[in-house]
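Comments concern the structure below.
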Amino acid sequence: VEKLKKNMSANSTKLPLNIECFMNEIDVHSSMQRSEMEELSSHLFQRIETTMRKLLLDSKLALEEIHSVEIVGGSSRIPAIKHLIEQIFGKPASTTLNQDEAVSRGAALQCAILSPAVRVREFSCTDVQAYPVLISWTDTDGPHEMKVFEQYHAAPFCRLLTVHRKEPMTIKVHYEPNSVPYPDPFIGTYHVKGIKPDANGEAQEVKVKVRINNNGIITVSSATMYERKESEEPTSPTPTSNGDQQ
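For the sequence shown, the positions run 31 to 276 when the working numbering is used.
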């Protein structure tokens, strides 16, 4: 069956299906053509079309701003998928990458970049954060919440947030509710210790660094407290009786 599916991507004519000893030593012989397969899979193509149109809408890009649509993976060889891309984006799908080896080659290239023993050409790749990320904490005046990364924000990225605190705090990181396709949006909890009020008992400035790395992993990487100190004015030197200063 797998062989028939692959052959239908390259041929639109009716192709034979032969399975020897399918059950109780009974052979199965049949045939199918691409149009029949597309009709059976029409509900899947509709879901793919909906996803692509939502992607285009969420990207806030005009069609003329998109240079090309590169596709990889075995399913990208299906003619109906290519037709959907051309219909939605107004340009044929680009297949300049090896559709089967693109992911493994990318992983090998990433390993080479991390290795000090291998020299590779410098390049950069910007990914996006699929879901909006929030942080929340509780203060004396109640709970607070702040959006750190908007949906489709560039990644990797680092953001520095400023809060004013008198005491240690607990930061909870989570995706925006109802934005992820699974029930629990929780990411992690971070405890920031060592925060104390200044000499006047006032809250001090705390800068919290939230980072999203190349792998899409979100962490609170550091927290720094900036302590205010009043500078003392230097005293004027007092002249002595012989004109010297002390």
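Note that beta-carbon positions come from the ideal geometry of N, C-alpha and C, so glycine has one too. None of these values were measured; they are calculated from a predicted model.
For Gly218, the enclosing beta strand (DSSP E) stretches over residues 216-222. Along the region 65-121, the alpha helix (DSSP H) occurs as fully enclosed runs of 4 or more residues at 72-89, 109-119, listed in sequence order. Less than 7 Å separates the beta-carbon of Ala142 from that of Val150. The beta carbon of Ser166 lies closer than 6 Å to those of Glu175, Lys202 in the same chain, with the five residues before and after it left out.
Within the same chain, Cβ atoms closer than 8 Å to the Cβ of Glu116 are found at Pro122, Ala123, the five residues on either side in sequence being excluded. About 5 Å separates the CB atoms of Val240 and Val178; that is less than 8 Å, so the two are in contact.
The beta-bridge partner set that DSSP reports for Ile201 consists of Tyr220. In this structure, the straight-line span from the alpha carbon of Met67 to that of Leu34 is close to 10 Å.
Look at Gln159 here: in three-state DSSP terms it is strand. Sequence-distant Cβ neighbours of Asp57 in its own chain, meaning closer than 8 Å and more than five residues away, are Asn48, Ile49, Glu50, Cys51. Between Ile247 and the set Asn230, Phe216, Gly231, Met199, the nearest pair of CA atoms involves Phe216. Burial of Arg195 is indicated by the presence of at least 16 other C-beta atoms within 10 angstroms of its C-beta. Residues Val178, Val240 of the same chain have their beta carbon placed closer than 6 Å to that of Arg189, with the five preceding and five following residues left out of the count. In this chain, the alpha helix (DSSP H) harbouring Ser134 covers 132-144.
Taking C-beta atoms as the reference points, Val102 and Gln129 count as a pair closer than 7 Å.
Bridge pairing for Asn48: His59 [DSSP].
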